[in-house]
Every structure is written in structure tokens, then in C-alpha cells.
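Engineer: For reference, the structure I am asking about is given below.
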Amino acid sequence: MLIIGERINGMFNDIKRAIQERDPLPVQEWARRQEQAGARALDINVGPAVEDKVGAMKWLIEVVQEVSDLTLCLDTTNIKAIEEGLKLCKKPAIINSTSADREKIEKLFPLAVEYGASLIGLTMNKNGIPKDADTRLALAMELVAAADEFGLPMEDLYIDPLILPANVAQDHAPEVLKTLYQVKLLANPAPKTVLGISNVSQNCQERSLLNRTFLAMAMACGLDAAIVDACDEELMATAAAAEVLRNRTVYCDSFVKVFKTQ
Amino acid sequence: MPLQLLKEKSRAAVQKVTLGATKEEGGTRTHTITIGGDAALPFHHFEGEIPHRPVVAMEVQDIEPDWPDALKKCFGDVMKEPGRWAEKCVNEYGADLIYLKLDGADPEGANRSVDDCVAAVKEVLQAVGVPLIVVGCGDAEKDKEVLEAVAEAAAGENLLLGNAEQDNYKSLTAACLVHKHNIIARSPLDINICKQLNILITEMNMPPNRIVIDPSIGSLGYGIEYAYSIMERTRLGALQGDKMLSMPVLCTVGYEAWRTKEAVAPASDFPGWGDAEERGILWEAVTATALLQAGAHLLLMRHPKAVALVKENIEKLMVSNAY
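This is the structure we're talking about:
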């Protein structure tokens, strides 16, 4: 289970301010804290407010790499920012993300192949996020076919079936779970799956409870990676338990600690 | 259209553990032996590198053991002197290493002193140039004293010392850390305890590449399939990147095989079973070869003919089948 820390994101005020003032300390502090909490990759998102997205992305990558060797997950819709970012990454990164729209696919898959990066493919297109699992799967299939077409190894493709907040679109969660399960049947070897977990609880009460419960449900459906609040200890312990209970790792008494340190 | 065969690619490999130390390295061994490093399932050369062949250590004890005649007659008088016994195992019978079991320390048995035990270790170190494995008698209190003294007296030799167990690992781990030896982590046919014990030992700052797993085994006919499953699962865990299951594995083959009725019962009791000695040799050899397939790296054995059969088998298994 790959835990991707969500916290270096310009949506958060401290990171937004750090980017504006080019103050590396808050960014580096979050990189360290998430790594210590058990994250094995760090999402890097400049946020919506920044004008110079390319420059901000480059700066974030540089300051994070000063304190952390973790894999970076370059989270932006700006393709130029991704390409410039990939040039700076010391180890193969994760591109977050492409939609299933042809013009995006044609740019981002070759980019992933060129830089040996993994690629998150969202099951959405210009028509938006589908309501049901079948339409999500149809879009996932287009992404799988694109991996084949452009030569991206299937294990480097992460399908994100996109979860919406429980207080907005409650009916999506079962469809997302069904998609996670069936994505594995689309190819052999199968693509991987990822979710931005915290989205399920946007503007809800009991966010941590909703997050960790949905994470456990998604892991039961085969989820391979999750973008989460890695500093939520209960969520990380839940992930550790789910990893044991779905038999992906051998149980031992220190299973929570091992999950966070290995 | 050409057929493309799918190969399993592993994310990680078994740890390499090096036993013994030459003069340049601070010891007195003529050479060192490295085990592990496998990046594939046992002998799947076509799926990943298997850099080191499995090795055989022959068992020597500090006092003459009460072994079946089929074993005794291979060694004769030298069984009274661990040094000469070890020499015979290496020079005549081709042992890769010597496995010295200090059974004489047992307070319920010969209750030999710590000094006597240390002397036996030194005698064997003097007599042979191969790396050495030393284990205690199984009495926790006595082993603590004996093994700490052995670790100190043989500092620099990079021994493999055992056994650490879940409720009794701290003092031996500390002794191995201070005097730079490797450690056997023994669990009772239980993969969860196996993993936990490796965690506990590494939490004391012992590097994983100085630990060898003893999963406990059963011999042929006595639960070998449990050991097989656990070793298989251990290897799969190692290849999938579980560091706490990635250590090489040793198997106490001689001990387990030679305590079965099938290995020792005289032909007069069971005429249908055939010659007793041949039966014992085969019982030990078949136990060993089955466990090689499950991922054993270090076999602790007794009968020279069983050793010869197993070494021949290892040679054949190490011929690359890569394509």
C-alpha cells in the first residue's frame, strides 16, 4: 500500500503563504512530518491561487528534495509545470494526473514514458465525473488502452475512479468501490488504483472517521495507493490493519509500527 | 507471432549474510561464506539472480552425543574431540561449515563449565578454516552465560550464534552486536513470530544482513509440510519487499531427521522397511532436498552420505535454467 501524503498543497494557507514568500521551512517541515508518519510519496500541488505555476512547482520540488528522498507526485493540470517538474525529480515521479480526454492522453502518456514516471489516470472526461461504475470503467479502459498504445508499463498506470464528498454525492461511494474491484479485470498485469481519500469527507463532520472507514473499504476492493492525511494516526493504523487483513503483508505484533517504518 | 513468456519480476531480494572472517578481516578463517541474495523463488534462475548456492554445515558436538550407530560409525573415535571431529567433516566429508552444538553445557546433562565450552569452540576454530556456527544447549540461563563468553572469546571470527527466541533474544543480540557476530533468530514454526522476532532484534540496531532465520522444521513425515509452507511464504514476503522476512533461512535437518523412528528403527523390527542405515541416510537427504525447494540457504546435517547426496543435488539445482 503506497501512502501519498497530501499536505504539500497550495490549498492549505501555510503552504500558499510559503510559496508566495518562497519560504522553504513550512514545506520542508510537512515533508519531514509526513515521511515520519509513514508516507512513502509526497503529493506536490501549487494550489489554485498561484500565478506562476511552473515556477512554483519547480521551487516546491527543489525545497522538498533538500530534505526528503520520497517519490514525488506532481499534482497539477498544467502540463508545462509537470514537464519542468519531471526534469528536476531525482527519482521517477508520479504524474497526477491525466483525464481520459484524448488531447490530454496524447501529451501525458508520452511524457510519463519519456521520464520513466508513473501516471494517474482519472476516470473522467469533458463530460465530467460519471455517476456509475460502468461509465467509470469504460473510461478506465481507454486509459488502459492508452498505456498499451504509448508503451507505459501497466504497473505504472494508476486508475483514480474519483470519489466525491459524502454530503454531496453519497451514491458515488459504492460505484467507486465497484470500479476499484473491476479495474483489476481490465488487463493482465492489471493497472494499479489510487484515490484521493480526503475528498470523501469535504465539508463533512467526523472527517477522520469517514476518511479511514472509506480507506479500509477501498483497500478491501484492492486499492494500491491513496493520497491521504498521513499525519492522521488513526487513519494510518487503519491502513496497517487493512493491509494485514487483506493478506498483503504477513501479520506480526508490531504491524502498525512496521507499516509506518517500512 | 512469437510467444512471449511472462516472468515474475521481484521487487526485492533475500538479504546476503556473510559468515566467517579471514585474517585481513580480523578473524582466522581461510575464507568466508555468503548465503542469500536470491532475487527469485528457489532455483528459478530464469526469473532472477541466485548469486549464492545453498551450503551444508555438518554438526559437531562438544561432548560425544548419544547418536544412532549409523551415524557414530562414520566418525568413530573423533566424536570425543570436537576439533578432530570437525576436521574429519571438512577434510573427508566436504562440510562447507561446521555447526557446533554445545550440548555439554546442559545443566540437566553434562553441565560443563563456561570455560570448557569456550575451549571447545577454540578447539574447533583451530582445527578447521571454515566459518563456524555455534549454538547453546537450549537452557536459557546457561546459554546466556556460555554464548556471551563464546562471543567474546571468538570476537572477530564473525560467527553465526544461536539461538535467539521471542522471549529470550536481548542478551544474545547484545553479545553479537558488541563482538560483531551474526545471530540465529529461531521461531516455533510460526511466521508471525518469525517476523516479530526479526523486528525485535533489528530494533536493537542489529542490521538485517546479520540475521539468519531458523523457522523450526519438521522432518519428512513429521510436519515437513508446515515448515515448507512457512519457508515459501517467507521467501514470497522477501521478494515482495518485506524486509523483516528477507533474511536467509537455516534448517536443522540432521537433528529432526535422526530422531524419527523411520530413520533409526532396526530392520529386524520392520523387515519391510529395508536396511536401517540406508533408510536413515535417505530420510535425512530427502528432508534436506525438500527444504531446499522451499528456500533453505543453510542446511545443518549429520550423515556424510546424506551430505554428499544433498551437495550433488545442490550442484544440479544451481545449473542455470535461465532462458
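Top to bottom, those sequences are chains F and U. At position 250 of the first sequence the residue is numbered 243 (our numbering), and the sequence of numbers has no breaks. At position 19 of the second sequence the residue is numbered 24 (our numbering), and the sequence of numbers has no breaks. All residues carry an ideal CB built from backbone N, CA and C; glycine is no exception. These numbers come from a predicted model, not from an experiment.
#1: Just to confirm the assignment, what range does the alpha helix (DSSP H) spanning VAL66/F have?
#2: Measure how close the beta-carbons of SER25/U and GLU162/U come, nearest whole angstrom, since I'm counting them as under 8 Å.
#3: Within 10 angstroms of the Cβ of HIS36/U, are there 16 or more other Cβ atoms? Answer buried if so, exposed if not.
#4: Could one say the Cβ of TYR174/F lies closer than 7 Å to chain U's Cβ atoms, at least one of them?
#5: Give the interface partners of ASP247/U over in chain F, defined as CB-CB distance under 7 Å, in chain order.
#6: Where do the N-terminal and C-terminal ends of the alpha helix (DSSP H) with THR257/U fall, by residue?
#7: Only counting the same chain, and skipping five residues up and downstream in sequence, which positions put a Cβ closer than 8 Å to that of TYR257/U?
#8: DSSP on SER273/U, reduced to helix/strand/coil?
#9: Given a cut-off of 7 Å, decide if LEU145/F and ILE122/F are closer than it, judged by their beta-carbon atoms.
#10: Can we say the region 173 to 193 of chain U touches the region 204 to 220 of chain U, given the rule of at least three CB pairs closer than 8 Å?
#11: Residues of chain F with CB under 7 Å from GLY143/U, in chain order?
#12: Is DSSP giving LYS78/U helix, strand or coil here?
#13: Taking DSSP's pairing of strands, which residues face GLN66/U in a bridge?
#14: Going by CA-CA distance only, name the one from ASN240/F, THR64/F, PHE248/F, CYS197/F that's closest to ALA162/F.
#15: Using a Cβ-Cβ cutoff of less than 7 Å, which residues in the same chain neighbour PRO73/U once the five nearest sequence positions on both sides are dropped?
#16: Since ILE1/F and VAL47/F should fall inside the 8 Å C-beta cutoff, what is the C-beta to C-beta distance between them, to a whole number of angstroms?
#17: Just list the residues that DSSP pairs ILE220/F with in beta bridges.
#18: Interface residues of chain F around ILE138/U at Cβ under 9 Å?
#19: Go ahead and pull the three-state DSSP assignment for SER201/F.
#20: Alpha carbon to alpha carbon, how far is MET252/U from GLU237/U?
#21: Please classify SER273/U as buried or exposed, where buried requires at least 16 other C-beta atoms within 10 Å of its C-beta.
#22: So which residues of chain U does ASP251/F contact, with C-beta pairs closer than 7 Å?
#23: By how many angstroms is the C-alpha of PHE102/F removed from the C-alpha of PRO85/F?
#24: With a cut-off of 8 Å on the beta carbons, I'd call LEU105/U and ASP67/U a contact; round off their distance for me.
#25: Could you compute how far the alpha carbon of ALA138/F sits from the alpha carbon of VAL135/U?
#26: Please state whether the Cβ-Cβ distance between ALA132/U and ALA156/U is less than 7 Å.
#27: Taking beta-carbon pairs under 9 Å, can you tell me which members of the region 25 to 39 of chain F lie near chain U?
#28: Would you decide whether ASN254/F is buried or exposed? Buried here means 16 or more other CB atoms lie within 10 Å of its CB.
#29: Run the CB neighbour count on SER325/U, radius 10 Å, all protein chains shown included, and call it buried at 16 or more, exposed below.
#30: At 3 residues or longer, what runs of the beta strand (DSSP E) sit wholly inside the region 142 to 207 of chain U?
#31: So LEU151/U packs on ALA110/U, CB below 8 Å; how close in whole Å?
Structural biologist: A quick look at the data gives this:
#1: Position 73 of the first sequence, counted from the start, is the residue given in the question as residue 66/F. Correcting the residue identity first, residue 66/F is Cys in this sequence and not Val. Note, CYS66/F: premise wrong, no alpha helix (DSSP H); beta strand (DSSP E) at 64 to 68.
#2: Numbered from 1 along the second sequence, position 20 holds the residue referred to as residue 25/U. Numbered from 1 along the second sequence, position 157 holds the residue referred to as residue 162/U. Checking the displayed sequence, the identity of residue 25/U turns out to be Gly instead of Ser. At roughly 7 Å, the Cβ-Cβ gap stays under 8 Å, so GLY25/U and GLU162/U are in contact.
#3: Here residue 36/U corresponds to residue number 31 of the second sequence, with the count starting at 1. Answer is exposed; the Cβ neighbour count stays below 16.
#4: For the purposes of this step, residue 174/F is identified with residue 181 of the first sequence, where counting begins at 1. Closer than 7 Å: no.
#5: Along the second sequence, read from residue 1 onward, the residue named residue 247/U stands at position 242. Per Cβ cutoff of 7 Å: THR242, VAL243.
#6: As a position in the second sequence, residue 257/U is number 252, starting the count at 1. Run containing THR257/U: none; DSSP gives neither H nor E here.
#7: Working through the second sequence from its first residue, we reach residue 257/U at position 252. Reading off the sequence, residue 257/U comes out as Thr, not Tyr. ASP219, SER221, ILE222, LEU305.
#8: The residue labelled residue 273/U in the question sits at position 268 within the second sequence. DSSP places SER273/U in coil when its eight states are reduced to three.
#9: Taking the first residue of the first sequence as 1, we reach residue 122/F at position 129. Taking the first residue of the first sequence as 1, we reach residue 145/F at position 152. Not in contact: ILE122/F and LEU145/F (Cβ atoms no closer than 7 Å).
#10: yes
#11: Taking the second sequence and counting its residues from 1, the one referred to as residue 143/U is at position 138. Those within 7 Å of GLY143/U in chain F number zero; the least Cβ separation is about 24 Å.
#12: Numbered from its first residue, the second sequence carries residue 78/U at position 73. Three-state DSSP puts LYS78/U in a helix.
#13: For the purposes of this step, residue 66/U is identified with residue 61 of the second sequence, where counting begins at 1. Beta-bridge pairing links GLN66/U to LYS106/U.
#14: Sequence index remark: in the first sequence, residue 162/F carries index 169 (1-based). Considering only alpha carbons, the answer is CYS197/F.
#15: Walking along the second sequence from the start, residue 73/U turns up at place 68. Closer than 7 Å at Cβ, skipping near neighbours: TRP263, VAL269, GLY285.
#16: Counting from one through the first sequence, the residue named residue 1/F turns up at place 8. Counting from one through the first sequence, the residue named residue 47/F turns up at place 54. Not a contact, Cβ separation roughly 17 Å.
#17: Locating residue 220/F in the first sequence gives position 227, where the first residue counts as 1. Bridge partners of ILE220/F: ILE(-3)/F, GLY189/F.
#18: Numbered from 1 along the second sequence, position 133 holds the residue referred to as residue 138/U. Those within 9 Å of ILE138/U in chain F number zero; the least Cβ separation is about 26 Å.
#19: Position 208 of the first sequence, counted from the first residue, corresponds to residue 201/F. SER201/F: helix per DSSP, three-state reduction.
#20: For the purposes of this step, residue 252/U is taken as residue 247 along the second sequence, with counting starting at 1. For the purposes of this step, residue 237/U is taken as residue 232 along the second sequence, with counting starting at 1. Spanning the two alpha carbons is a distance of roughly 13 Å.
#21: One-based indexing of the second sequence puts residue 273/U at position 268. It counts as exposed.
#22: Indexing the first sequence from 1 puts residue 251/F at position 258. Before going on, a small fix: residue 251/F reads as Val here, not Asp. Chain U residues near VAL251/F: ILE204, MET249.
#23: Counting from one through the first sequence, the residue named residue 85/F turns up at place 92. Counting from one through the first sequence, the residue named residue 102/F turns up at place 109. One C-alpha to the other measures close to 14 Å.
#24: Along the second sequence, read from residue 1 onward, the residue named residue 105/U stands at position 100. Along the second sequence, read from residue 1 onward, the residue named residue 67/U stands at position 62. So it is a contact: roughly 7 Å between Cβ atoms.
#25: Here residue 138/F is taken as the residue at index 145 of the first sequence, counted from 1. Here residue 135/U is taken as the residue at index 130 of the second sequence, counted from 1. When rounded, the distance between both Cα atoms is 57 Å.
#26: Start at 1 with the first residue of the second sequence, and residue 132/U comes out as number 127. Start at 1 with the first residue of the second sequence, and residue 156/U comes out as number 151. Result no, Cβ atoms of ALA132/U and ALA156/U do not sit closer than 7 Å.
#27: none
#28: Against the first sequence, residue 254/F aligns to sequence position 261. First, the residue type needs correcting, since residue 254/F is Thr and not Asn in the sequence shown. The residue in question, THR254/F, is exposed, as its Cβ has fewer than 16 Cβ neighbours within 10 Å.
#29: One-based indexing of the second sequence puts residue 325/U at position 320. Exposed is the call here.
#30: 165 to 169, 187 to 191
#31: Your numbering for residue 151/U matches position 146 in the second sequence. Your numbering for residue 110/U matches position 105 in the second sequence. Checking the sequence shown, residue 151/U turns out to be Val, not Leu. VAL151/U to ALA110/U, Cβ: 5 Å. Contact.
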